[in-house]
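Chemist: In the numbering used here, the protein residues as written are 195 to 621.
Can you keep this structure in mind? I'll have questions shortly.
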RNA sequence: UCCGCGAUAGCUCAAUGGUGGAGCAUUCGGCUGUUAACCGAAGGGUUGCAGGUUCGAGCCCUGCUCGCGGAGCCA
């Protein structure tokens, strides 16, 4: 593979891949090979190679699948530091009029050709960082005694009762919905295994049209028995530090390709600042932001607040009214929910939302009624409070928002191979 | 659902109400060290759709379609 070439200097190698680009200067052809691990400039001199090979090099279209043979040379003039003094060239399969040229393209056009756009340097860097992030997330929880538990994707009712969900017919049982969160099921898991996490796709049918929204996205949701809100925040900051520092350490090359300024990412270390909703509102007031006390924080509010800090900030104790029914209220003041949102810096907004859960049967039942939720569908959830209920907490981290933040992208649509947006479900 | 912006060559974009252009891509020619190579030439258009105003509309007006950004909702 191209990434391993430093071990093969002055040796003959044969590599398979695709033609990324080519340049020519009469009797010299520069063929840039792409193999998924990097780029390699292959040099063909007329006279050093057969006429057939030279003509073939001349006729290749962008993204032709090829096999090249030559000697690896240290070459400061080539990007990457190595090049191939090439003499062999085989065509595996042709490519002509490749739709994505080395010049500029609009996002809409690139998204129409997403299946091909994925081959480009920037996109492969993003996909590798996404992969590393996913692995870091799994490693963190696996090493902390969590058990992975997969929740169902088809669910009988809304988890939180607020979002609009994708609906489908489920045989004779009526409607089923695509899950918007695995959390309620994770709570059942926490009562069985102590510490669990779910990690899978979730769906929202909201007509959200912003750079932070997808209709299908991935979320990781840890849930811990015998944990209160403070334990939850402790876990969140340790978790964030681990996954961000891991990517910084292992994906330096990819972050460089993306021209990511990693100054602020390096600050992602515990302790993260913790402020209450009231303190957050004070910050808004000091910055002359128009804001009605009691409302949830909007996108611009989050940006103003997070700009006050040099690392992610945790905002806790939100007004209970703007939060989900299952969140436990503060025993000191039941106007507030024991909830926490983690806001990423640089305007990336909420990447984590979590809370301590209501563990009292009577209270939870009355919340379900207040929110006009179908009690029958939540009987199993109420059982968790009937049989050995304990304080427990958890949070959800949006993978795509995290990838966008770490990569410094201005839209989550580039963080997932095939994004699903309200006006796009292809390719 | 609401607010704002946009749609012109395969792509990215120009064009004062008066003969629709450029760069890249494609094809052909030139160049023995190119770095989104460069130089020369050629082909390439129902200006998103439907109406209207005007002697004349890519440009002005109305409606529609599609897209982008934001709000709300949320991770």
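Note that beta-carbon positions come from the ideal geometry of N, C-alpha and C, so glycine has one too.
What residue ranges within the segment 464 to 503 form continuous beta strand (DSSP E) runs of no fewer than 3 residues, ordered along the chain?
Modeler: Runs found: 468 to 470.
Chemist: Assuming residue 265 and residue 205 are in contact, meaning their beta carbons sit under 8 Å apart, how far apart are those beta carbons, in whole angstroms?
Modeler: The residue labelled residue 265 in the question sits at position 71 within the first chain. The residue labelled residue 205 in the question sits at position 11 within the first chain. Yes, residue 265 and residue 205 are in contact; Cβ-Cβ is about 7 Å, under 8 Å.
Chemist: So, are the CB atoms of residue 229 and residue 196 less than 8 Å apart?
Modeler: For this step, residue 229 is matched to residue 35 along the first chain. For this step, residue 196 is matched to residue 2 along the first chain. Contact flag set, yes.
Chemist: Report the option in 428, 307, 325 whose CA atom is closest to the CA atom of residue 295.
Modeler: Here the question's residue 295 lines up with position 101 in the first chain. Comparing Cα positions, the closest option is 307.
Chemist: Starting from the C-beta of residue 622, find all residues in its chain whose C-beta is less than 6 Å away, skip the five residues before and the five after it, and write them out in chain order.
Modeler: An answer regarding residue 622 cannot be provided, because it is not within the stretch 195 to 621 covered by the chain.
Chemist: Does the segment 593 to 612 come close enough to the segment 553 to 565 that 3 or more CB-CB pairs lie under 8 Å?
Modeler: Judged by Cβ distances under 8 Å, the segment 553 to 565 makes no contact with the segment 593 to 612, as fewer than three pairs qualify.
Chemist: Per DSSP, residue 180 is paired with what?
Modeler: This structure leaves residue 180 out entirely; the chain is present only between 195 and 621.
Chemist: Residue 586: which of 278, 332, 425, 198 sits nearest, CA to CA?
Modeler: By one-based count along the first chain, residue 586 stands at place 392. The residue with the shortest Cα to Cα distance from residue 586 is 425.
Chemist: Can residue 618 and residue 305 be called in contact, C-beta distance under 8 Å?
Modeler: Sequence index remark: in the first chain, residue 618 carries index 424 (1-based). Sequence index remark: in the first chain, residue 305 carries index 111 (1-based). In this structure, residue 305 lies closer than 8 Å to residue 618 by Cβ.
Chemist: Taking all protein chains shown into account, decide if residue 348 is buried (16 or more other Cβ within 10 angstroms of its Cβ) or exposed.
Modeler: Your numbering for residue 348 matches position 154 in the first chain. With fewer than 16 Cβ atoms within 10 Å of its Cβ, residue 348 is classed as exposed.
Chemist: DSSP state of residue 518, grouped into three classes?
Modeler: Indexing the first chain from 1 puts residue 518 at position 324. It is coil, neither helix nor strand.
Chemist: Do residue 416 and residue 588 count as a contact pair if the criterion is CB distance below 8 Å?
Modeler: Residue mapping note: residue 588 aligns to position 394 of the first chain, counting from 1. Residue mapping note: residue 416 aligns to position 222 of the first chain, counting from 1. Against a cut-off of 8 Å, the Cβ pair of residue 416 and residue 588 comes out as a contact.
Chemist: Taking one C-beta from the segment 500 to 513 and one from the segment 562 to 581 each time, how about it: are there three or more such pairs within less than 8 Å?
Modeler: No, because fewer than three Cβ pairs between the segment 500 to 513 and the segment 562 to 581 fall closer than 8 Å, the two stretches do not touch.
Chemist: So what does DSSP say about residue 586, is it helix, strand or coil?
Modeler: By 1-based counting over the first chain, the position of residue 586 is 392. Strand, per DSSP.
Chemist: So, does the segment 454 to 463 touch the segment 481 to 499, judging by three or more C-beta pairs under 8 Å?
Modeler: Because the criterion of three Cβ pairs below 8 Å is not met, the segment 454 to 463 and the segment 481 to 499 do not touch.
Chemist: As an exercise, report each continuous beta strand (DSSP E) stretch of at least 3 residues that is fully enclosed by the segment 541 to 588, in chain order.
Modeler: 543 to 550, all fully within the segment 541 to 588.
Chemist: What is the rounded straight-line gap between the Cα of residue 263 and the Cα of residue 404?
Modeler: Mapped onto the first chain, residue 263 falls at position 69. Mapped onto the first chain, residue 404 falls at position 210. Approximately 48 Å between the Cα atoms of the pair.
Chemist: Below 8 Å CB to CB, which residues in the same chain sit around residue 322 once its five sequence neighbours on both sides are set aside?
Modeler: The residue given as residue 322 occupies position 128 in the first chain. Within the same chain, residue 322 has close Cβ partners 445, 448.
Chemist: Please work out which residues of its chain come closer than 7 Å, Cβ to Cβ, to residue 481, disregarding the five sequence neighbours upstream and downstream, and give them in chain order.
Modeler: Numbered from its first residue, the first chain carries residue 481 at position 287. Excluding sequence neighbours, residue 481 sits near 498.
Chemist: Expressed to the nearest angstrom, what Euclidean distance is found between the alpha-carbon atoms of residue 496 and residue 218?
Modeler: As a working note, residue 496 is residue 302 in the first chain. As a working note, residue 218 is residue 24 in the first chain. C-alpha separation (whole angstroms): 51 Å.
Chemist: Enumerate in chain order the residues of its own chain whose CB-to-CB distance from residue 312 is below 8 Å, with the five nearest sequence positions on each side excluded.
Modeler: Locating residue 312 in the first chain gives position 118, counting from the first residue. Once the five neighbours on either side are set aside, the close Cβ partners of residue 312 are 318, 321, 611.
Chemist: Taking the C-alpha atoms as reference points, what is the distance between residue 554 and residue 452?
Modeler: Locating residue 554 in the first chain gives position 360, where the first residue counts as 1. Locating residue 452 in the first chain gives position 258, where the first residue counts as 1. The straight-line gap from Cα to Cα measures roughly 48 Å.
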